[in-house]
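Accompanying notes for the structure given below.
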Amino acid sequence: MHRLLYLVLGAPDSGRQAIVQDLIEGGLTEEESALTLTNEKFPDGEGFTSWYWENSSFQIPEEASESPTTHNFLIFSPYLDLADQIEASLDLLDTDKELTLARILFVVHCGLLEEASTKIHYWHEACAHYADVALLNRQKGENIKKIKEFKEHYESMRLPFLVESIRKNRVVNPAKILDPTSRRISHVFDPEIDVDSDLADPYLERLPTGERAKQISLPFGEPPNYM
Numbered sequence: 105m106h107r108l109l110y111l112v113l114g115a116p117d118s119g120r121q122a123i124v125q126d127l128i129e130g131g132l133t134e135e136e137s138a139l140t141l142t143n144e145k146f147p148d149g150e151g152f153t154s155w156y157w158e159n160s161s162f163q164i165p166e167e168a169s170e171s172p173t174t175h176n177f178l179i180f181s182p183y184l185d186l187a188d189q190i191e192a193s194l195d196l197l198d199t200d201k202e203l204t205l206a207r208i209l210f211v212v213h214c215g216l217l218e219e220a221s222t223k224i225h226y227w228h229e230a231c232a233h234y235a236d237v238a239l240l241n242r243q244k245g246e247n248i249k250k251i252k253e254f255k256e257h258y259e260s261m262r263l264p265f266l267v268e269s270i271r272k273n274r275v276v277n278p279a280k281i282l283d284p285t286s287r288r289i290s291h292v293f294d295p296e297i298d299v300d301s302d303l304a305d306p307y308l309e310r311l312p313t314g315e316r317a318k319q320i321s322l323p324f325g326e327p328p329n330y331m
């Protein structure tokens, strides 16, 4: 069965799982079904299954990968290298011909915009590079200025991704978010692009030493025990 894949990026406690659940409940028809993959050991939610990281790839339970669903949501870990997970997603799509990338969703924890951490800023830059949609969650009155600056920053860069505000983990128009039309600037998922060509993704490019030419920061420290 052909399935659509949504990659979900976001900081810890940004509301990723709750937002995915809301998208499923509000955006899928009765004939459609979903599987959500998360790196939490004991995910809380119907249709949620854990993945684990091994040999630089997503390890997904066989019974989950064989389930007859129409939509798959793969929630990335904020504690693992983003570029490594993007590459692992490419491998996943390459090995499963029934799976097609729909969109990459970037859930923004607006409370973190106040911290003005350089590491978080550059991590946000990398997420924005891949995103089709930025979902602004955890908004409070005191960070309105920072949210405005965040929006204006990416508007000035003319990035084409959608920006939508979220209230209490609820999406106003789930169908708009799930629309598989690409709006990202990264071409790494385009089937006609060779990842080793001159159009290769800047975050995936490697130096002769094997290191990333443009490294993505890991701003969130060690994962909690339940991960």
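Just so you know, the sequence shown maps onto residues 105 to 331 in our numbering.
Note that beta-carbon positions come from the ideal geometry of N, C-alpha and C, so glycine has one too.
Small disclaimer: the values here were computed from a predicted structure and weren't measured.
Measuring only the C-alpha atoms, how far is residue i from residue j?
i, j, result
"residue 213", "residue 121", "13 Å"
"residue 290", "residue 244", "31 Å"
"residue 132", "residue 159", "34 Å"
"residue 157", "residue 163", "6 Å"
"residue 294", "residue 166", "27 Å"
"residue 321", "residue 180", "15 Å"
"residue 271", "residue 251", "14 Å"
"residue 254", "residue 229", "11 Å"
"residue 168", "residue 118", "25 Å"
"residue 151", "residue 287", "27 Å"
"residue 302", "residue 318", "Confidence in residue 302 is poor, its pLDDT being 49 and thus under 50, which makes the residue's placement unreliable; the coordinate value appears in the next sentence. Spanning the two alpha carbons is a distance of roughly 15 Å."
"residue 342", "residue 192", "Residue coverage of the chain in this structure runs from 105 to 331, which leaves residue 342 outside it and unanswerable."
"residue 347", "residue 249", "Lying before the first or after the last residue shown, residue 347 is absent from the chain, which here runs from 105 to 331."
"residue 142", "residue 277", "23 Å"
"residue 242", "residue 105", "36 Å"
"residue 304", "residue 198", "17 Å"
"residue 195", "residue 161", "8 Å"
"residue 185", "residue 227", "10 Å"
Which partner residues of residue i appear in the DSSP bridge assignment?
i, result
"residue 158", "161"
"residue 268", "239"
"residue 109", "176, 205"
"residue 325", "Its beta-bridge partners do not exist; DSSP assigns none."
"residue 316", "310"
"residue 274", "271"
Excluding the five sequence neighbours on either side, which residues of its own chain have a C-beta within less than 8 Å of the C-beta of residue i, listed in chain order?
i, result
"residue 221", "323"
"residue 281", "127, 131, 207, 209, 237, 239, 266, 268, 275"
"residue 147", "121, 140, 153, 154"
"residue 326", "183"
Leaving out five residues before and five after residue i in sequence, what residues of the same chain have Cβ atoms less than 6 Å from its Cβ?
i, result
"residue 128", "138"
"residue 279", "131"
"residue 113", "180, 210, 231"
"residue 176", "107, 109, 139"
"residue 264", "287"
"residue 178", "111, 141"
In chain order, what residues of the same chain have a beta carbon less than 7 Å from the beta carbon of residue i, not counting five sequence neighbours either side?
i, result
"residue 173", "107, 137, 138, 139"
"residue 187", "307, 308, 316, 320"
"residue 115", "182, 213, 216, 324"
"residue 247", "214, 215, 217, 218"
"residue 223", "321, 323"
"residue 284", "108, 206, 207"
What are the complete alpha helix (DSSP H) segments, minimum 4 residues, inside the stretch 173-244?
186-199, 222-234
Touch test, the stretch 194-214 against the stretch 223-236, Cβ-Cβ under 8 Å, three pairs minimum
yes
Stretch-stretch touch, CB-based, cutoff 8 Å, three pairs: the stretch 246-263 with the stretch 305-313
no
At 3 residues or longer, and completely inside the stretch 117-155: list those beta strand (DSSP E) runs for me, N to C.
138-142, 152-154
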